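Notes to accompany the following structure.
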Amino acid sequence: MKWFDDFFEGGTRRAAQSISRRSAISRIGKLLVGTAFLLPVLPFDRVGKAVAASKDKHDDDTTCEYWRYCALDGFLCTCCGGSISACPPGTEVSKVTWVGTCHNPNDGKDYLISYNDCCGAVTCGRCGCNYNIGERPGYRMGVHNDINWCMANSSNTYHCTVAAIVGLGES
Amino acid sequence: MKWFDDFFEGGTRRAAQSISRRSAISRIGKLLVGTAFLLPVLPFDRVGKAVAASKDKHDDDTTCEYWRYCALDGFLCTCCGGSISACPPGTEVSKVTWVGTCHNPNDGKDYLISYNDCCGAVTCGRCGCNYNIGERPGYRMGVHNDINWCMANSSNTYHCTVAAIVGLGES
Amino acid sequence: MLSANIRKFCFGAVMAVLAGPSLADLPVETVAVATTPPANRYRLYLSDMVISHFIDGKLLILDGESFKVLGNVSLGLTGHATLSPDRSEILVSTAYFTKLNRGERIAELDVYDATTLKLKAEISVPSKHAQSMPYRGAVRTSADGRFVFLQNATPATSVSIVDRVAGKFVTEVPTPGCWMIYPAQSVPNRFATLCGDGTMLTITLDAEGKPADRKKSAKFFDADEDALFVAGEQTGDNYTFLTFKGNVQVVNVAGEQAVAEKPWPLLTAADLKAGWRPGGYQPLALQEKSGRLYATMHPKGKEGSHKDPAKEIWGFDLATKKRVARVPGHHATVLAVTRGDEPKLYAVSTEKQTIAVFAASDKLKHLKTAGPFAETATQLDVQ
Amino acid sequence: MLSANIRKFCFGAVMAVLAGPSLADLPVETVAVATTPPANRYRLYLSDMVISHFIDGKLLILDGESFKVLGNVSLGLTGHATLSPDRSEILVSTAYFTKLNRGERIAELDVYDATTLKLKAEISVPSKHAQSMPYRGAVRTSADGRFVFLQNATPATSVSIVDRVAGKFVTEVPTPGCWMIYPAQSVPNRFATLCGDGTMLTITLDAEGKPADRKKSAKFFDADEDALFVAGEQTGDNYTFLTFKGNVQVVNVAGEQAVAEKPWPLLTAADLKAGWRPGGYQPLALQEKSGRLYATMHPKGKEGSHKDPAKEIWGFDLATKKRVARVPGHHATVLAVTRGDEPKLYAVSTEKQTIAVFAASDKLKHLKTAGPFAETATQLDVQ
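Chains as they are written, first to last, in the numbering used here: chain F, 6 to 176; chain U, 6 to 176; chain D, 4 to 386; chain P, 4 to 386.
Written out as structure tokens, the structure is:
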């Protein structure tokens, strides 16, 4: 895709490297970049509670506190007919995406998580979650979450967000 | 308009006459036909409270209890940038409409009220009111309120409803 | 160095870039698109017009046991949904404006696969579909699924006939003063519609779907004195309706003319005195196998209370015509009951957008109340 | 006979049919379409993306004294609104799909008359507008109103230039790694944009609106250590921003290169110790005439708390750089203050969708809290 090349040849690769050199993110010991999409529905003050999440919710993928959602901002696909790594029926996987690294309390390891928006169907509107750790305005687009990551799909309707494991996080 | 002629040559004029002969409506002493549009937003249990409306709200045209709204179902244009007889800026007056007769407690007279939907702008969503006295399913279209009366306009978006005096009610 | 990770963030093809050899205990995953699980008899289809944004209506598909959301289908501008007879397709009669609230109006019958929820077909129709709240009967298929009947209102009423097999609009049948579509079961090319003069109009189509015959029934109800709720329950060629004042009216639509049975009352003399009436958008549910009828009831009913939420839900034995259950109403305005064995009754509150579920045995047993779902749902269909 | 009335109900031209000689004490009325009352300095423009139906965003126009709704303008799919310099037009950068959530994507700049709210012009633009929440700076006009600058994101960032006078799209200017539009006041053909490398990029256009010059400022902020909120306040050629950690950063965009002033802190040592930080979507308001700056503040701030609602609203004297007011925060995430004399400060809660209003004298005096308005509003503009 043309925009993909443009994008990485432009300012953003530089921005990314800048982040990698001295990042607020590195100081919190986890890679919590990006997040899916937009503002939360409600509540707006869930912000930052991931760190102090109750243990029993770490394993419930229909709650904001599920361990893979450490950098997710949007509606959970697990509440919308999808699963932790599958978009709901009738939607399509977003062409653009971003990753985060989340700590799995069950095995003590950090995993690299891909957050894909699911696009094309009416907005799901269920289980809105919002974490802004490491989030920055759109001049750091890769870590900006007030924007629709279905923007590059043939239909821009945002439905929900999945959180798939794509590898171990480096440490 | 073609549909207009069709409509009155069809079954509906007959239906209207049937209503006029022996109507549930006549028994309640007021003409409370139609109503604007659709279901209420909330609350759903405002139904029928017009009759027992508190006196001080009879004169506040931003409340459901205002005397002219005795047969109105929809969002009040007085809460949406319009007035009791003017659609909000940027909307257009519905081409199809219906009337009711409401009792004005201030002069003791019954007035014939025209309820026009205002169309074309995003739904207002404020001050939803709902009265179903005299309402009937769509087989009595002229007194059906679960339908969009912006249906015959160039844009079908329903915004709100006005209640204009068009004459004295006959008694 | 955690910072090394961040070089890897990218905007596309994450899988391709990142899914190297897995060193993780948990396996690497590929993001896919789900299909709905195999449908069971408790699958629910909840139609929501979303009144505050009613260009963006929504059909919510739910598992009626777990109340897990299985998926969503767009209903567009005051769209209406129905299922094909074999439950393999969801058919949506709706319209779009090219620029949201202006521009060109595009009307069509959208066909979705009920498992993948993918759009299978878009069949263009005249731009007349009834812009009403979701109600059963605003779109229906013929008993064999070949034809799809779409209620129109401009506000003049008519029915558009679509040939689902050929994938095209056939013709428009004027139905002045009549409303909603009640297909016959035994005669696929036939449907009836309720008329404001107290009759039913039966339309019989030819093999191509064009109207060959139209006949009105005898008058059997009075829309002024005791109107019929249009949301009826079908059992074969029979449709069962409630009246505003609490009578049960069965109409058989098998013949060229519909035939109405003698109505019977839900209410005892005492009930009548207390003013009990049915109310809501879909106030009746009928369970064929167990011979039960359920109704949303409120006391002190009067002219204009016919959409009031339920104070109680009543159950009746269709054989004896006696009340056999009486439970709190959960503000219900919409009822639906599952088919076959071990039925469950669902009661939707349009006000609270909750769904109460009952084991529909003789004594209705409240199992749970789930939700809220949707925003302004007024129609519930079962698998 | 009341029943005589009912023969008169009809579906069109009610006025024509019914408005005979008036026998009523109250006069017969004709339904018209209103225009907004003459704007005063307290008129408010509230942008709501409506996240749960975000193809149907809405700009709500309010009287900031009575809180009466004056009108609504459609924002479409993640649309952005701005006012023309003379306040006669509302400009909306948005997109539509021909079939709601599918079909062809149509992107345009829609121009509404700010008094009649009628659509005056639709100017086609490349289908790239930034599908972000409403933020000031996503669409702006040049100081003279001739050009309109539209923020794009595909996610590659660029700015579309529209010639409002000619009514056509001129060109697209790539602005990789930069975000939001800050027009100069004294040089109409110039705007700046904030970049992730801590600089500002200034674009100077030629007479036709094509980029003639682009220059980056010196680096003046660090997006990792202390990022800038993008919602800045303009006073002439200066833009005032807050940083995540509570510093005030003024940048002058008059020249070919933007020039940043030395930042100054909102926080005392004690404030810093308590972890006070600004938070929200539009956390800063600046009243030029009285020389006051207001900020939405929360204690115990940390990485990721930069959108937290206000626990308190603080007021500062720009001359002395000292805090002069400190009031409860009303959960505010958005601030705006009126221009000129007798200023009022408005504080929007994105969570509760209420608007608190204060007399913006030295000591902020809470006048009332109105609403809820809208669903998920994140931007407030004043007349």
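Don't be surprised by glycine CBs; every beta carbon is placed ideally from N, CA and C.
Note that the structure is predicted; figures quoted are calculated from it, not measured.
- Straight-line spacing of the CA atoms in D/Ser-189 and D/Gly-239 works out to 7 Å.
- For U/Tyr-71, the nearest beta carbon of chain D is not closer than 8 Å to its own beta carbon.
- Annotated three-state conformation of D/Lys-355 is coil, per DSSP.
- Taking 8 Å as the upper bound for CB-CB distance, U/Val-101 and U/Ala-157 are in contact here, some 5 Å apart.
- Ranking F/Trp-103, F/Gly-113, F/Cys-84 by CA distance to the CA of F/Trp-72 puts F/Gly-113 first.
- With a 10 Å radius around the Cβ and a threshold of 16 neighbouring Cβ atoms, D/Trp-279 comes out buried.
- The alpha helix (DSSP H) runs of length 4 or more contained entirely in the region 41-126 of chain D do not exist; there are none.
- Residues of chain D with a Cβ closer than 8 Å to the Cβ of F/Pro-94 are, in chain order, Val-36, Ala-37, Thr-38, Thr-39, Leu-73, Gly-74, Thr-118, Thr-119, Leu-120, Lys-121.
- Take U/Thr-162, set aside five residues on each side of it, and the residues of its chain with a beta-carbon closer than 8 Å to its own are Cys-124, Gly-125, Ala-126, Val-127, Thr-128, Cys-155, in chain order.
- Beyond the five residues adjoining it in sequence on each side, P/Leu-296 comes within less than 6 Å, by CB distance, of Leu-289, Phe-319, Leu-321 in the same chain, given in chain order.
- Counting of Cβ neighbours within 10 angstroms places D/Pro-41 among the exposed residues, the total staying below 16.
- As for any beta strand (DSSP E) of minimum length 3 sitting wholly inside the region 187-266 of chain P, the runs are 193-198, 203-208, 214-219, 236-238, 241-245, 250-255, ordered along the chain.
- Of the other Cβ atoms in all chains shown, 16 or more fall within 10 Å of the Cβ of P/Gly-199; this residue is therefore buried.
- Leaving aside the five residues that flank D/Phe-172 on each side, the residues in its chain whose CB is nearer than 6 Å to its CB run, in chain order, Val-128, Val-165.
- Here the alpha carbon of D/Gly-282 sits roughly 22 Å from the alpha carbon of D/Glu-291.
- Membership of U/Ala-169 in the beta strand (DSSP E) is indicated by the continuous run 163-173.
- Annotated three-state conformation of P/Trp-279 is coil, per DSSP.
- Of all residues in the region 299-329 of chain D, those with a C-beta nearer than 9 Å to a C-beta of chain U are Lys-305, Glu-306, Gly-307, Ser-308, His-309, Lys-310, Asp-311, Pro-312, reading in chain order.
- Cβ-Cβ separation between P/Met-183 and F/Gly-105: approximately 25 Å, too far for a contact (criterion under 8 Å).
- Straight across, the Cα-Cα distance linking D/Gln-260 with D/Ala-195 is about 9 Å.
- Rounded to whole angstroms, D/Ala-257 and D/Pro-191 show a C-alpha spacing of 10 Å.
- Contacts between D/Glu-32 and chain F, judged by CB atoms closer than 7 Å, involve Ser-90, Ala-169, Ile-170 in chain order.
- Look at the region 109-135 of chain U: the residues with a C-beta under 7 Å from a C-beta of chain D are Gly-125, Ala-126, Val-127, Thr-128, Gly-130.
- Within chain D, the residues Ala-37 have their CB atoms less than 7 Å from the CB of F/Gly-87, given in chain order.
- Contact annotation: in the region 46-62 of chain D, residues whose CB is within less than 7 Å of a CB in chain F are Asp-59, Lys-61.
- Here D/Leu-370 is exposed: its Cβ has fewer than 16 other Cβ atoms, across all protein chains shown, within 10 Å.
- Counting C-beta pairs closer than 8 Å gives fewer than three between the region 86-94 of chain D and the region 81-89 of chain P, which falls short of the contact rule.
- Within the same chain, Cβ atoms closer than 6 Å to the Cβ of P/Ala-156 are found at Ala-133, the five residues on either side in sequence being excluded.
- F/Phe-80 and F/Cys-92 have their alpha carbons spaced roughly 12 Å apart.
- Interface flag for D/Thr-178 against chain P is unset, since no Cβ pair is found closer than 8 Å.
- DSSP places D/Leu-370 inside the beta strand (DSSP E), whose first and last residues are 368-373.
- When the Cα atoms are used, D/Ala-350 and P/Pro-88 turn out to be separated by approximately 55 Å.
- A residue is called buried once 16 or more other Cβ atoms fall within 10 Å of its Cβ, and D/Ala-377 is buried on that count.
- The region 114-125 of chain P makes contact with the region 37-55 of chain P, as at least three CB pairs between them are under 8 Å.
- According to DSSP, D/Gln-134 shares a beta bridge with no other residue.
- When DSSP states are grouped into helix, strand and coil, D/Lys-303 belongs to the coil group.
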